[in-house]
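Student: Numbering (this note's numbering), first residue to last: 23 to 498.
Shown below is the structure under consideration.
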Amino acid sequence: MSRHLLLALTFFFVACNKADEAAPEAPESTSGGEAPAEAPYEPERPADAASRVSADEERARAEEPKPTPPPVVADEPEEESPWGQTKSEQCRPPERPAFSSGAAGAIADGVHAMRAGRDEEAKSHFTRAISLDARAYVAHHNLGVLADRAGRESEALEHYRRARQIAPDYTPSIRGASTIEWRRGSIYDALALVAPLAQQYKTNLDLQALHAEVLVRAGRYDEAWAVGRRALECDERHVPTLKAIIRASLAQGRHDLAESVLTQALAIRETDPELHFMQGTLLSKKPGRVREALEELRRAVALRPDYAEARMALGTLELSAGNYAEAVAHFEAVDRVVPNSVEAKLNLADAYRASRRWADAQRTFERVLQMDPNLPEAYFNLGLMYQTPGFELPGFDELAALQRAKQYFSNYRGLKGAKLDRNDPSGEYLTTINRRIQRIEEARRREAEEARRREEAERRGGQAAPEEEDDVIFFD
Numbered sequence: 023m024s025r026h027l028l029l030a031l032t033f034f035f036v037a038c039n040k041a042d043e044a045a046p047e048a049p050e051s052t053s054g055g056e057a058p059a060e061a062p063y064e065p066e067r068p069a070d071a072a073s074r075v076s077a078d079e080e081r082a083r084a085e086e087p088k089p090t091p092p093p094v095v096a097d098e099p100e101e102e103s104p105w106g107q108t109k110s111e112q113c114r115p116p117e118r119p120a121f122s123s124g125a126a127g128a129i130a131d132g133v134h135a136m137r138a139g140r141d142e143e144a145k146s147h148f149t150r151a152i153s154l155d156a157r158a159y160v161a162h163h164n165l166g167v168l169a170d171r172a173g174r175e176s177e178a179l180e181h182y183r184r185a186r187q188i189a190p191d192y193t194p195s196i197r198g199a200s201t202i203e204w205r206r207g208s209i210y211d212a213l214a215l216v217a218p219l220a221q222q223y224k225t226n227l228d229l230q231a232l233h234a235e236v237l238v239r240a241g242r243y244d245e246a247w248a249v250g251r252r253a254l255e256c257d258e259r260h261v262p263t264l265k266a267i268i269r270a271s272l273a274q275g276r277h278d279l280a281e282s283v284l285t286q287a288l289a290i291r292e293t294d295p296e297l298h299f300m301q302g303t304l305l306s307k308k309p310g311r312v313r314e315a316l317e318e319l320r321r322a323v324a325l326r327p328d329y330a331e332a333r334m335a336l337g338t339l340e341l342s343a344g345n346y347a348e349a350v351a352h353f354e355a356v357d358r359v360v361p362n363s364v365e366a367k368l369n370l371a372d373a374y375r376a377s378r379r380w381a382d383a384q385r386t387f388e389r390v391l392q393m394d395p396n397l398p399e400a401y402f403n404l405g406l407m408y409q410t411p412g413f414e415l416p417g418f419d420e421l422a423a424l425q426r427a428k429q430y431f432s433n434y435r436g437l438k439g440a441k442l443d444r445n446d447p448s449g450e451y452l453t454t455i456n457r458r459i460q461r462i463e464e465a466r467r468r469e470a471e472e473a474r475r476r477e478e479a480e481r482r483g484g485q486a487a488p489e490e491e492d493d494v495i496f497f498d
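And the structure:
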């Protein structure tokens, strides 16, 4: 990232302060790490245990390296930072507690199993790492990730707390705990957790980036820009901070700036899956760019197969493009990673419906409603399924299916209540369903009447009752 862009961001920060005071813009949904299905705190990703060369390398791979501080020129006085420290002090990353090579190897094995979806095996490796070295805070963190994905939030928070007891500024665990808070709707509790730690550990740029991100979520954009700008003054190529800048720009509706920073970030770290997810999300909203969006999202998933949020977005795009088999595959993968996500199961059920896999769809919709009995979208999609021509399930003929569809759409409208849009398509669906039901019932009445006539004819000795005929006019 060039210093020109850093200066541009600095000037933009000053300008947007004034603009925001005059006319604040409504925030948009941001990209990356938001879906309840995906933990944005990524587990540490060392290489496969088979490729380890030394304990030092294992440890380095088990923990993402911090940015290298820029050298201080000896013949120039060090610039005083806004925090009262010299540049070299500001940019020096904090040291982390070391743990044994045996624990690092067990963590590497656990991450490998975790990436392959073998969660129980991964859990055993992380537990073994802790038994080998009680300082293995990364193992505690990854146990927290596994617990969070399984929906056990209290257990996850306890593991994150234990990791932070050993390494108080360990950003992935701070992110994990704050994510649970904002997922619960307590963004200010998340901010209350992150802000003091960011103030205490000012040289941890990853933590500064997280602070900026949480400030964006809280709608405190000026403060987010200030935190991001200070971090970029230390390391203008710090990708997590650039991601926070992108989110702030999107939240304020400044899409051109977001795209410019995203391009710069990809040039710095092309193999970052979240950057490709962001790019794919932005492209998917532009007319005629669906193919490019699919390519970016596929790249994100290829780089990180357990990236549930990217798979959710990719599956949704594949579904809208009519690629039903691909959509099902992605949603099934998400469901394996986060089996307690209502959103993931709802998407999977709808993909089954679109694929005409009626029994799979029915079973998955039932599971969704067990998890959330008052989810309007589940009833709407069930209504769509039961009204589909050719729908087949044991015990349902066409009339019974349409009657059930009518019931589901009525449930949907009742749950929406005052929030139901006057042009909601469920109204037209119900009108069509009622007509189809009426036609079937009329046809069945005619069939019943004809059957009754045949029975009467048989009772009269096999002579059918004369049918009413139209008058015929003969012409000589």
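The beta-carbon is built from N, C-alpha and C at its ideal position, and this holds for glycine as well.
So, helix, strand or coil for L336, using DSSP?
Tutor: Here L336 sits in helix by DSSP.
Student: To the nearest angstrom, how far is the alpha carbon of E478 from that of E472?
Tutor: Each residue's Cα considered, the two are about 10 angstroms apart.
Student: Our contact map puts A400 next to L391 with C-beta atoms below 8 angstroms; I'd like the distance itself, whole angstroms only.
Tutor: About 5 angstroms separates the two Cβ atoms, so the contact holds.
Student: Could you give the DSSP three-state label for F418: helix, strand or coil?
Tutor: If DSSP states are grouped into helix, strand and coil, F418 belongs with the strands.
Student: Of the choices A199, S448 and L421, whose alpha-carbon is the least far from that of R466?
Tutor: For the residues A199, S448 and L421, the minimum Cα distance to R466 belongs to L421.
Student: Using the beta-carbon count (16 or more within 10 Å), is R481 buried or exposed?
Tutor: It counts as exposed.
Student: Can you tell which of A156, A246, A126 and Q274 has the C-alpha that lies nearest to the C-alpha of P262?
Tutor: Cα-wise, what sits closest to P262 is A246.
Student: From the DSSP output, in three-state form, read off Q274 for me.
Tutor: It is coil, neither helix nor strand.
Student: Which ranges does the alpha helix (DSSP H) cover as unbroken runs of at least 4 residues, wholly within the region 320-373, from first to last along the chain?
Tutor: With a minimum length of 4 residues, the continuous alpha helix (DSSP H) runs that stay inside the region 320-373 are 330-342 and 346-359.
Student: Could you tell me how far apart the beta carbons of A366 and V356 are, in whole angstroms, since I believe they sit closer than 8 angstroms?
Tutor: Yes, they are in contact, since the Cβ atoms of A366 and V356 sit about 4 angstroms apart, within 8 angstroms.
Student: Quick check on the DSSP output: what are the complete alpha helix (DSSP H) runs of length 4 or more inside the region 410-487, in order along the chain?
Tutor: Fully enclosed alpha helix (DSSP H) runs of 4 or longer: 420-438 and 447-481.
Student: Considering Cα atoms alone, identify which of Y434, E348, T225 and R468 is closest to R320.
Tutor: When each option's Cα is compared against that of R320, the closest is E348.
Student: Mark S200 as exposed unless 16 or more other C-beta atoms lie within 10 angstroms of its C-beta, in which case mark it buried.
Tutor: S200 comes out buried.
Student: Taking the C-alpha atoms as reference points, what is the distance between L442 and F387?
Tutor: If you take the alpha carbons of L442 and F387, they lie about 22 angstroms apart.
Student: Which two residues bound the contiguous alpha helix (DSSP H) that contains D211?
Tutor: I209 to Q222 is the span of the alpha helix (DSSP H), which, as asked, contains D211.
Student: Taking A178 and F121 to be in contact with their CB atoms under 8 angstroms, please state how far apart those CB atoms are, rounded to whole angstroms.
Tutor: The pair is not a contact, with the Cβ atoms about 21 angstroms apart (cut-off 8 angstroms).
Student: When DSSP labels each residue in this structure, what does R269 get in the three-state scheme?
Tutor: Helix at R269.
Student: Can you tell me whether T285 is helix, strand or coil according to DSSP?
Tutor: Of the three classes helix, strand and coil, the one that applies to T285 here is helix, per DSSP.
Student: Figure out for me which residue from G275, I290 and R252 has the closest Cα to the Cα of V259.
Tutor: The question names Val, but residue 259 is Arg in the sequence shown. Among G275, I290 and R252, the Cα nearest to that of R259 is on I290.
Student: With respect to the alpha helix (DSSP H) encompassing Y159, which residues constitute its N-terminal and C-terminal limits?
Tutor: Run containing Y159: Y159 to R171, per the alpha helix (DSSP H) assignment.
Student: Quick one: give me the first and last residue of the alpha helix (DSSP H) that F148 is part of.
Tutor: Its alpha helix (DSSP H) spans residues D141 to L154.
Student: Got a sec, what are the start and stop residues for the alpha helix (DSSP H) H181 sits in?
Tutor: Note, H181: alpha helix (DSSP H), E175 to I188.
Student: Please report how far the alpha carbon of A135 lies from the alpha carbon of R205, in whole angstroms.
Tutor: The straight-line gap from Cα to Cα measures roughly 27 angstroms.
Student: Under a three-way DSSP split, which group does H233 fall into?
Tutor: In the structure shown, H233 sits in a helix (DSSP, three-state: H, G or I).
Student: Could you tell me the distance, in whole angstroms, from the CA atom of I5 to the CA atom of E450?
Tutor: In the structure as shown, the chain starts at 23 and stops at 498, and residue 5 therefore has no counterpart that could be examined.
Student: In the DSSP assignment, the alpha helix (DSSP H) including P194 goes from what residue to what residue?
Tutor: It spans T193 to R205 - the alpha helix (DSSP H) in which P194 sits, taken as one unbroken run.
Student: Could you have a look at H298 and say whether DSSP puts it in helix, strand or coil?
Tutor: It is helical.
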